[in-house]
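Here is the structure we will look at.
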Amino acid sequence: MEGDDSLSSDDEPLVRKVAKTKENVRCPSTPGCSKDSDARHAAPRHQSLEDLRENSPGSLYYSPSVIRPLLPPCPKKSNMKRKLGKAEILTNTPIKTEQLKKLNTSNAKVKKLPKEMMNKGKQTGARMKKQRKKNAIDTEKEETYCGLCGESYEEINGKPSEDWITCNRYQNWSHEACTAYEGKGTFTRMGKKCRDMRANWTEDMMEEALDLLKQGKSQRYVEEKCGIPRRTLRNHLLTGSCKRNLGVKSTMSKSQEEDGRRKKFFVLQISGYR
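Counting in the numbering used here, the sequence shown runs from 14 upward without gaps.
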C-alpha cells in the first residue's frame, strides 16, 4: 500500500518547541519614571491609620482607649507610713544613748500588782458571792402560790416543775396553764382573779362542775360559772385525790367515791383530757 510506504519506523513524532528570549522583558511604565520611583509609588501592603481614614470616608475609627479605657491604679491596702530614719553615725555618743533608751523601754517587763491590790480583788468577789447566797436563801423562804389554783411553787433539779407567768399589773404569779394566756403580748388579769390567795371552793362546787362538763359545756364556761380554775379541775380529774386539791379530808362514802370516779372517767373521755 502506498499509505504504508509513506510511514516508516524511523519517523519521530513532532514536538512543539517555543523559542525563549534571553532578554528581560520590561513592564510598561509611565514616561519620566525610573525604577526607584516605580517602587516608591507601588501600592504598599500596610497603610497608616491616617491613610485609611482618608481613603474610607464612610467608616468610623475609635481608638482602643475609647473602647476600653485603662483602669485606675488600685489604692494601697495599708495606710501605714514608716517613719523616716536619719543618716547618722551610730558610734556617736548621743545616738548611742538614744538607742539604749529604746532597747530598755522595749525590753522592760510588766510590773506585777502589789499584794494589797490582789487581796482587795479577792475580797470583793467573795462579798458578791455571799450576797448572792443570801438573796437565794431569802427567795427560798418566801413561798409563792398560784393565784388561781392555790398550788405552791415547786422545783425539780433546780428548775420549775411547771411553767409560771406573772401579771404585769399586780406582779402576782400563777400557772400558765391556769390562765387564758395565748403566748402573745403581755399578761394582765383583773383584781379578783389576780390576787395572791388560794382558791376557796367545796366538793359540791366540784360536783356541779363535773355535771356541766358531762353536759358538754366548755372548760372556760365551767371555770367562770363555778369559780374553779381549769388546772385545778384537771388535776382533780386525773389524780382523784381530794386532799391535794381541796386541802381537807374527803367525807364521801365508798359508793359515792365509786360514782365520782365513773363520772370522772366519763368526763375525761368527753373533755379530751386523755
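Idealized CB from N, CA, C, for every residue including glycine. Note that the coordinates shown come from a computational prediction; the quantities given were computed from them, not determined experimentally.
Alpha carbon to alpha carbon, how far is Pro85 from Ser78? Give it in angstroms, no decimals. 13 Å
What is the rounded straight-line gap between the Cα of Ile169 and the Cα of Glu175? 10 Å
Does Glu189 come within less than 8 Å of chain B when only Cβ atoms are used? The structure shown contains no chain B, having only a single protein chain.
Could you tell me which residues DSSP puts in a beta bridge with Pro173? Glu168
Buried or exposed for Gly98, please, with buried defined as at least 16 other CB atoms from any protein chain shown within 10 angstroms of its CB. exposed
Reducing DSSP to helix, strand and coil, say where Thr179 ends up. strand
Less than 8 Å separating the beta-carbons of Cys239 and Met218? yes
Arg243 and Gln228 closer than 8 Å at C-beta: no
Using DSSP's beta-bridge definition, name the partner residues of Tyr158. Ser165
Just the C-alpha distance for Ala222 and Gly171, rounded to the nearest angstrom, thanks. 36 Å
Backbone CA spacing between Ser187 and Glu220 [nearest angstrom]: 24 Å
Roughly how many angstroms lie between the CA atoms of Glu153 and Glu216, to the nearest whole one? Confidence at Glu153 is low in this model, with a pLDDT of 49, below 50, so the placement of that residue should be treated as unreliable; the coordinate-derived value is given next. Taking the straight line from one Cα to the other gives about 32 Å.
My assumption, with CB atoms under 8 Å, is that Tyr166 sits in contact with Thr157. Please give the rounded CB distance. 4 Å
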